[in-house]
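Remarks on the structure that follows.
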Ligand code: NDP
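Following this line, the structure appears as structure tokens:
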């Protein structure tokens, strides 16, 4: 037997000396930081914005006292929600001739998330060229790679105008309930304005992240200063607009709670305007570079028809780990996946075991985490603050963030990090916030504490549906959502669910909305074309679909070691969060599967009555 030549020895790519860090140490640190944040109350740590807290949900963008006569109407389609999905539903339905539509929207205009979230700095992290829908159809090109809220809101209004949807909208109106009548084969939809719509089809597009939530911190009702949630920004109090200039805060001490995508966009504006800004941190955000830039007009002119869908599919494919020839978006979202493939490739190992692949993915995740932490060291001047701002959890435990001014804010003399070391705010007093026995006096407390996820669907959509035999949706879904293809459910004929409902969850929400609304239009058209009255899934098809989407996949496993957040139902990991109740192969294969299903034309799994 010949002896191995030491010079032939190829070092293991997972060797700490080759990597420059010890993965075991990182794993240990992640587990320790997670343990600090685990808590039994999970979603119960938040209060519903109702009763004493109802004011946190009021619309600051409309004149109070709006009234109108009740509408009694019979029509083809009622769409609940005028956000991105609601608009795209109406547009797709128009294409198949279903124009007798009403869009019922709680807000004073179209826009959904982009109507409500007008806080200073609000911007979309997904590239505008794929996030903003129907660019080619409306002839609009975004001004920048990453658009700010006013431009997105305006674009959604543009879609409303372009497709004549304003005539079909009932704003400042909330659906309270919808009831199916077997005899009439119609839904009766009732609203808080006394309207009664009798409709053949009902589309629920109330949005995945829509109801604000507040931490139930002791003393919250005693605070004598001003409070609001970021999704209802009070410019009357702060002054300024989405671009900042919050001049009325010049003599105010402001506290901000939350380090998610919202909190990190807000802080730089508080830093620029407030007398003093405190960020009360429970878990540090993972913040990568943004690298925004104006749209390259030469590039824009060079685009060929169909470019937007092509770019979107390219992005969503990369994000789902599917092979592509070129990375068209090429930003910090796709960067992480490219890093993983690179290490998998440099391993140069054929027949790699599943365990080894999993280990390599884990190490790639740690490497990305190291990059993020090194960025904090580079940017934040005060060493102790920098240490406290470093996130110690996997890249997909929470929604990754991208910003070029957030970390920099901590170099300002009037911005102060109050780190609670995973515990959160201890108590709110009449005059401020208590952390670790210290009271921080403030004039205004702003909650960037996110939106309800994992609570019941009817609570989040703020209305109840009663299907066949008067069964409520709350009862039907008491043990979790049940759908077929994420869009229809047994016992609720002619009702369609949009959003992150057991579907193909894409990192670009628009991709999912586009695919779902195309499918919606196909199904509605089938009922019309076949001269039928109803469409709904069989119980068996629904059961098979539920089994498929709820069987624990790699994301559920990944989330087990994650610090709490809304992705894993605040650490409970029950599978009731929208990220793990999804088509296991990801969005691109999901919509291709639906396309193939449509091409077969036999409506397999559905009953057409
Ligand atoms: P998140 O749910 O992501 O963040 C809520 C924050 O509140 C967390 O940092 C949480 O801390 C903190 N928090 C909750 N309770 C307490 C407490 N008692 N004490 C201290 N801190 C507390 O909400 P966001 O509004 O930031 O974002 C929600 C989602 O909306 C995003 O994930 C994204 O999908 C979308 N969005 C997208 C934007 C974009 O594209 N740019 C912009 C804004 C939002 P902890 O982490 O410890 O739980």
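Numbering (the numbering used here), first residue to last: 877 to 1485. We put the CB at the ideal spot given by N, CA and C, even for glycine. Being a predicted model, the structure only gives us computed values, none of them experimental.
Residue i classed as buried or exposed, judged by whether at least 16 other C-beta atoms fall within 10 angstroms
| i | result |
| --- | --- |
| residue 1270 | buried |
| residue 1173 | exposed |
| residue 1445 | buried |
| residue 1178 | exposed |
| residue 879 | Here the model assigns residue 879 a pLDDT of 49, short of 50, so the residue's position is not dependable and the matter cannot be decided. |
| residue 1180 | exposed |
| residue 1167 | exposed |
| residue 1325 | buried |
| residue 1065 | buried |
| residue 1151 | exposed |
| residue 1382 | buried |
| residue 1149 | buried |
| residue 1094 | exposed |
| residue 1208 | buried |
| residue 942 | exposed |
| residue 1244 | buried |
| residue 1478 | exposed |
| residue 877 | Any reading at residue 877 needs caution, since the residue's pLDDT is 41, under 50, leaving its predicted position unreliable; the model's value is listed next. When all chains shown are included, residue 877 counts as exposed. |
| residue 1084 | buried |
| residue 1418 | buried |
| residue 992 | buried |
| residue 894 | exposed |
| residue 1406 | exposed |
| residue 1412 | buried |
Contact with chain B by residue i, beta-carbon distance below 8 Å
| i | result |
| --- | --- |
| residue 1345 | Considering every chain present, this structure includes no chain B. It has just one protein chain. |
Continuous beta strand (DSSP E) stretch holding residue i: start and end
| i | result |
| --- | --- |
| residue 1056 | 1051 to 1057 |
| residue 1421 | Residue 1421 -> not in any beta strand (DSSP E); alpha helix (DSSP H) instead, spanning 1415 to 1426. |
| residue 1310 | 1308 to 1311 |
| residue 1140 | Looking at the DSSP string, residue 1140 is not in any beta strand (DSSP E); the run it does join, the alpha helix (DSSP H), is 1137 to 1149. |
| residue 923 | 922 to 924 |
| residue 1371 | 1371 to 1373 |
Terminal residues of the alpha helix (DSSP H) in which residue i lies
| i | result |
| --- | --- |
| residue 992 | 989 to 992 |
| residue 1157 | Note, residue 1157: premise wrong, no alpha helix (DSSP H); beta strand (DSSP E) at 1152 to 1157. |
| residue 909 | 899 to 913 |
| residue 1295 | Run containing residue 1295: none in the alpha helix (DSSP H); it sits in the beta strand (DSSP E), 1291 to 1295. |
| residue 892 | 892 to 895 |
| residue 1460 | Element bounds for residue 1460: n/a, residue is neither H nor E. |
| residue 1405 | 1385 to 1405 |
| residue 1011 | 1011 to 1014 |
| residue 1244 | 1230 to 1255 |
| residue 1179 | Segment: none, residue 1179 is in no alpha helix (DSSP H) and carries neither H nor E. |
| residue 1088 | Per DSSP, residue 1088 belongs to no alpha helix (DSSP H) and is neither H nor E. |
| residue 1112 | 1111 to 1114 |
DSSP beta-bridge partners of residue i
| i | result |
| --- | --- |
| residue 973 | Bridge partners of residue 973: none, in fact. |
| residue 1320 | 1102, 1130 |
| residue 999 | 1024 |
| residue 1348 | 1342 |
| residue 1468 | Paired residue(s): none; residue 1468 is not in a bridge. |
| residue 1063 | 1056, 1075 |
| residue 1486 | Residue 1486 lies beyond the stretch modelled for the chain, which goes from 877 to 1485, so this question has no answer here. |
| residue 950 | 1074 |
| residue 1189 | Residue 1189 pairs with nothing; no bridge assigned. |
| residue 1122 | DSSP output for residue 1122 lists no bridge partner at all. |
| residue 1167 | In DSSP, residue 1167 forms no bridge with anything. |
Supposed close pair residue i, residue j - CB separation, criterion 8 Å
| i | j | result |
| --- | --- | --- |
| residue 1301 | residue 1309 | 6 Å |
| residue 1368 | residue 1349 | 7 Å |
| residue 1071 | residue 946 | 5 Å |
| residue 1142 | residue 1278 | Rounded, the Cβ-Cβ distance is 15 Å, inconsistent with contact. |
| residue 1087 | residue 1336 | 5 Å |
| residue 1210 | residue 1195 | 7 Å |
| residue 1003 | residue 1021 | 6 Å |
| residue 1010 | residue 967 | 7 Å |
| residue 1154 | residue 1304 | Not confirmed; about 13 Å, so no contact. |
| residue 1485 | residue 1410 | 4 Å |
Query raised in the report: On the three-pair Cβ rule with 8 Å, is the stretch 963 to 975 touching the stretch 1047 to 1058?
Result: Taking 8 Å as the limit for Cβ pairs, the verdict is that the stretch 1047 to 1058 does not touch the stretch 963 to 975.
Q.
Assess contact between the stretch 1393 to 1402 and the stretch 1340 to 1355, defined as three or more Cβ pairs (one per stretch) separated by less than 8 Å. Is contact present?
A. The stretch 1393 to 1402 makes no contact with the stretch 1340 to 1355; the number of CB pairs closer than 8 Å stays below 3.
Q) Are at least three pairs of beta-carbons, each pair with one atom in the stretch 1102 to 1112 and one in the stretch 1069 to 1078, less than 8 Å apart? A) No: fewer than three Cβ pairs fall under 8 Å.
ask   = Given 8 Å as the limit, is there contact between the stretch 1132 to 1147 and the stretch 994 to 1008, that is, 3 or more CB pairs closer than that?
value = The answer is yes - the stretch 994 to 1008 touches the stretch 1132 to 1147, with three or more Cβ pairs under 8 Å.
| said: Does the stretch 1376 to 1393 come into contact with the stretch 1457 to 1469, if we say contact requires no fewer than three beta-carbon pairs (one atom in each stretch) closer than 8 Å? | reply: Taking a cut-off of 8 Å for Cβ pairs, the stretch 1376 to 1393 and the stretch 1457 to 1469 touch, as three or more such pairs fall below it.
For the pair the stretch 1127 to 1140 and the stretch 978 to 987, tell me if three or more CB-CB distances fall below 8 Å. Touching, no.
Under 8 Å, with one C-beta from each stretch per pair, do the stretch 1230 to 1238 and the stretch 1252 to 1265 reach the 3-pair mark? They do not touch, by the three-pair rule.
Fill in: At least 3 beta-carbon pairs within less than 8 Å: the stretch 1385 to 1401 vs the stretch 1314 to 1324
Touching, no.
Three Cβ pairs or more, each shorter than 8 Å: is that satisfied between the stretch 1429 to 1440 and the stretch 910 to 926? Touching, per the Cβ criterion.
Decide yes or no for the touch test of the stretch 1283 to 1290 against the stretch 925 to 937: beta carbon pairs closer than 8 Å, at least 3 of them.
-> Taking a cut-off of 8 Å on C-beta distances, the stretch 1283 to 1290 does not touch the stretch 925 to 937, as fewer than three cross pairs fall below it.
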